[in-house]
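K.L.:
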Amino acid sequence: MMRIPLVVLLAVAAHGADFDVLIRNARVVDGTGNPWFLADVGVKGERIAKVGILPNASADRVIDAARRILAPGFIDVHTHIERGIFLVPRADSFLRDGVTTLVTGNCGMSAVDMKEFFARLEKGGIGPNISALIGHNAVRTEVMGSANRPPTPAEQEKMNALVAQAVRDGAVGFSTGLWYVPGTYSQTPEVSAMARAAAATGAQVYATHMRDEGMSVEAAINEAIVIGRESGLPVQISHFKIIDRRRWSNSTKTLAMVEAARNEGLDVVVDQYPYTAASATMDIFFPRDVFADGPTAIHERLSSPASRKRIAAQMAKEVGLRQGQPNYTFAVISDSPEDRSLEGKNISEINLARGRKATLADEIETVIDLRLKGRPSIVYHTMSDEDVDRIMKHPYTAVASDGSLVPFGETMPHPRNYGTNARVLAKYVRERGVLSMEDAIRKMTSLPARTFGLKDRGQVREGFAADLVLFDPAKVQDKAEFNKPHQYTAGFDFVLVNGAISVDEGQPNTLRRGRVLRRNSRYP
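In my numbering, the protein residues as written are 1349 to 1872.
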């Protein structure tokens, strides 16, 4: 046996491997939309160190991709995980769907003290990276409660200051939920003033759940564009859709409005989840003025016979006006802490089970009763496949889940919490050919990264963060269904977060290597 000189052994040990992780023989879809190319990818520390053909390279962990697809980790820019992340800090439902970065604080709902929120995340450790928006509704509630009126000059100044401070503390942008209380009580000048305060302190984007997504969707889009123009911020229109069946196919017009704004030089883009059902609290079925001035006022309005009669009459108009529906069969209870037996049942079924007639008037009485006892969440089926396809194909549409985090097995959440990205790759790429693989991945990576200012993520590129996902395009599959939502995605074999393997051969581990991505942050 040949003896290797001790000096050589010591030299090799001192040098160590070239990389921490080396992924060989991958079809790299780099996130830009360009065609895939065959390459090896070497990871050192938290960064992609080398992309190329590396036959002589060594690594502590070598993964044979066997020509599976290697892509940037997916960036989900529309989530609601402010509370859930502290219950499920590993966020496996997202990691196992290939998602390595989450943006929270959407629809105007966020922490107000961003410094404290980020500190809590870092203290406990998180599975994916997390970035956050400062929310209009949260700030308005902090300053004005649920008052249904314009702010005083002093209140406006205080709200502007809170937004500016949150951006200085690392929020990447400003969000609104003008469909929800108390945002629905605001007028455009109030929102524009807060957006300008965000822009002045370096915000990257104005992200909005618009004031309407049905009969008045065009006016809502115009308002979003006005706010973007007046503030100078790029605009991200959240979960772009048409929810009123009487307006189905109107996405041709709404997308044309986005294109027209871009042709004027305004940076307006949208995001979308690949489902025909939405999710919210039951509050969306009520006239918005019902929820002003706090819980006592709400209870009195819903309990008083005269007030209840007025509210029911308005709701009868609303279910047609906003939803284009004849009854409430389209709305399924997803979370009802007061009565878990209701979860998974639609409101029409619940109404009949209570001995009432199958009339809209009786169903409205049931809805009011449910709201008096709590604040149930619902999944509601209101969109068309034609509109979903058309919006998905548009070059300015990013993929985003609008999902949240709940402990596995609890409640009946929307399946988007588990399978958004896999659903796009399985149903809309592999099965139906609505998108190419390269464009689908662009919509999950570089497009959201550039909109939200995540400058070193969203591409397989040397020097970028080593957020990566390796999968077989023939096997990736969403499993979550509306009646069985707690099912993890299959087919994402490896997921790396900041260079650490967090999903290994399809199985999650216990690592929490995610970082808080503050505005303009860059880590080693």
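Ideal placement from N, C-alpha and C gives every residue a C-beta, glycine not left out.
With burial defined as no fewer than 16 other Cβ atoms inside 10 Å of the residue's Cβ, what is the status of I1401: buried or exposed?
P.N.:
I1401 comes out exposed.
K.L.:
With a CB to CB cut of under 6 Å and the five nearest residues on each side skipped, what residues in its chain are close to V1399?
P.N.:
Correct list, in chain order: A1387, V1389, E1810.
K.L.:
Beta carbon of C1455, beta carbon of S1540: below 8 Å?
P.N.:
Contact flag unset, no.
K.L.:
Is the Cβ-Cβ distance between L1708 and A1664 less than 8 Å?
P.N.:
Result yes, Cβ atoms of L1708 and A1664 sit closer than 8 Å.
K.L.:
Spell out a yes or no on whether the stretch 1580 to 1600 and the stretch 1615 to 1633 are touching, meaning 3 or more CB-CB pairs, one atom from each, closer than 8 Å.
P.N.:
Contact holds: three or more Cβ-Cβ distances are below 8 Å.
K.L.:
Do you know how far the Cα of K1803 is from the Cα of A1774?
P.N.:
Going by the C-alpha atoms only, they are around 28 Å apart.
K.L.:
The alpha helix (DSSP H) spanning R1805 covers which residue range?
P.N.:
First-last for R1805: undefined, no H or E at that position.
K.L.:
Out of I1659, A1374, A1604, point me to the one whose CA is closest to G1744's CA.
P.N.:
Before going on, a small fix: residue 1744 reads as Tyr here, not Gly. The shortest Cα separation from Y1744 among I1659, A1374, A1604 belongs to A1604.
K.L.:
Distance, Cα to Cα, R1595 vs M1563?
P.N.:
Cα to Cα, the separation comes out at about 7 Å.
K.L.:
According to the neighbour-count rule (16 or more other Cβ atoms, all chains shown, within 10 Å of its Cβ), is P1755 buried or exposed?
P.N.:
Result: exposed.
K.L.:
Three or more C-beta pairs closer than 8 Å, one from the stretch 1509 to 1524 and one from the stretch 1552 to 1562: is that the case here?
P.N.:
The stretch 1509 to 1524 is in contact with the stretch 1552 to 1562.
K.L.:
Rounded C-beta distance between G1379 and S1494? I'm assuming under 8 Å.
P.N.:
Actually they do not touch by this definition, with Cβ atoms about 42 Å apart.
K.L.:
Counting only runs of 4+ residues fully inside the stretch 1430 to 1483, write out the alpha helix (DSSP H) ranges in chain order.
P.N.:
With a minimum length of 4 residues, the continuous alpha helix (DSSP H) runs that stay inside the stretch 1430 to 1483 are 1432 to 1435, 1440 to 1443, 1462 to 1472.
K.L.:
Nearest CA to the CA of N1831: which residue from G1847, P1761, G1550, M1792?
P.N.:
Nearest C-alpha to N1831: P1761.
K.L.:
What residues are listed by DSSP as bridge partners for H1729?
P.N.:
In the DSSP output, where bridge partners are listed per residue, H1729 has A1625.
K.L.:
Take the Cβ of P1582 as the centre, count every other Cβ of all protein chains shown within 10 Å, and call the residue buried at 16 or more, exposed below.
P.N.:
Classification for P1582: buried.
K.L.:
Check whether the Cβ atoms of M1731 and V1782 sit closer than 8 Å, and answer yes or no.
P.N.:
Cβ distance not < 8 Å, so M1731 and V1782 don't count as in contact.
K.L.:
With distances taken from CA atoms, which of V1715, P1685, S1689 is nearest N1699?
P.N.:
Of V1715, P1685, S1689, the residue nearest in Cα terms is V1715.
K.L.:
Which whole runs of the alpha helix (DSSP H) in the stretch 1544 to 1620 are 4 residues long or more, in chain order?
P.N.:
You should have 1565 to 1579, 1599 to 1611.
K.L.:
Anyone know if the C-beta pair for L1332 and I1478 falls short of 8 Å?
P.N.:
Summary: the structure shown does not reach residue 1332, with the chain confined to residues 1349 through 1872, and so no result is reported for it.
K.L.:
Can you round the beta-carbon distance between A1486 and M1457 to whole angstroms, since I take them to be within the 8 Å contact cut?
P.N.:
The Cβ separation is near 6 Å, so the contact holds.
K.L.:
Nearest-angstrom Cα distance between G1453 and N1404?
P.N.:
Taking the straight line joining both Cα atoms gives about 46 Å.
K.L.:
Quick one: what's S1752 bridged to in DSSP?
P.N.:
Partner(s): H1428.
K.L.:
Expressed to the nearest angstrom, what Euclidean distance is found between the alpha-carbon atoms of V1511 and A1609?
P.N.:
Cα-Cα distance, rounded: 26 Å.
K.L.:
Residue range of the beta strand (DSSP E) that T1524 falls in?
P.N.:
Run containing T1524: 1521 to 1525, per the beta strand (DSSP E) assignment.
K.L.:
N1611: buried (16+ other C-beta within 10 angstroms of its C-beta) or exposed?
P.N.:
It counts as exposed.
K.L.:
So, I1726 versus M1630, is the Cβ gap smaller than 8 Å?
P.N.:
Yes; because the gap between Cβ atoms is below 8 Å, this pair is in contact.
K.L.:
Return the first residue and the last residue of the alpha helix (DSSP H) that V1638 is part of.
P.N.:
Careful: V1638 lies outside any alpha helix (DSSP H) and carries neither H nor E.
K.L.:
What is the DSSP secondary structure of G1531, reduced to helix, strand or coil?
P.N.:
Note: G1531 maps to helix in three-state DSSP.
K.L.:
Name the DSSP bridge partner or partners of I1417?
P.N.:
Note: I1417 sits in a beta bridge opposite R1375, F1819.
K.L.:
Given this structure, state the Cα-to-Cα distance separating P1353 from A1365, to the nearest angstrom.
P.N.:
Note that P1353 has pLDDT 48, beneath the 50 cutoff, so the model's placement of it is unreliable and the number below is only indicative. Cα-Cα distance, rounded: 19 Å.
K.L.:
If you drop the 5 nearest sequence neighbours on each side, which residues of the same chain put their C-beta closer than 7 Å to that of R1867?
P.N.:
Excluding sequence neighbours, R1867 sits near V1515, G1518, A1519, V1520, G1550, Q1552, G1801.
K.L.:
Leaving out five residues on either side along the sequence, give the residues of the same chain with a beta carbon under 7 Å from the beta carbon of D1710.
P.N.:
Closer than 7 Å at the Cβ level, and outside the excluded window around D1710, lie N1699, R1704.
K.L.:
Taking C-beta to C-beta, are S1406 and N1765 nearer than 8 Å?
P.N.:
Result no, Cβ atoms of S1406 and N1765 do not sit closer than 8 Å.
K.L.:
Is it true that the CB of A1439 sits closer than 8 Å to the CB of L1818?
P.N.:
Cβ atoms of L1818 and A1439: not closer than 8 Å.
K.L.:
Looking only at its chain, what residues have a beta carbon closer than 8 Å to the beta carbon of V1876, apart from the 5 residues adjacent to it on each side?
P.N.:
Past the boundaries of the shown model lies residue 1876; the chain is included only from 1349 to 1872, so the question cannot be answered.
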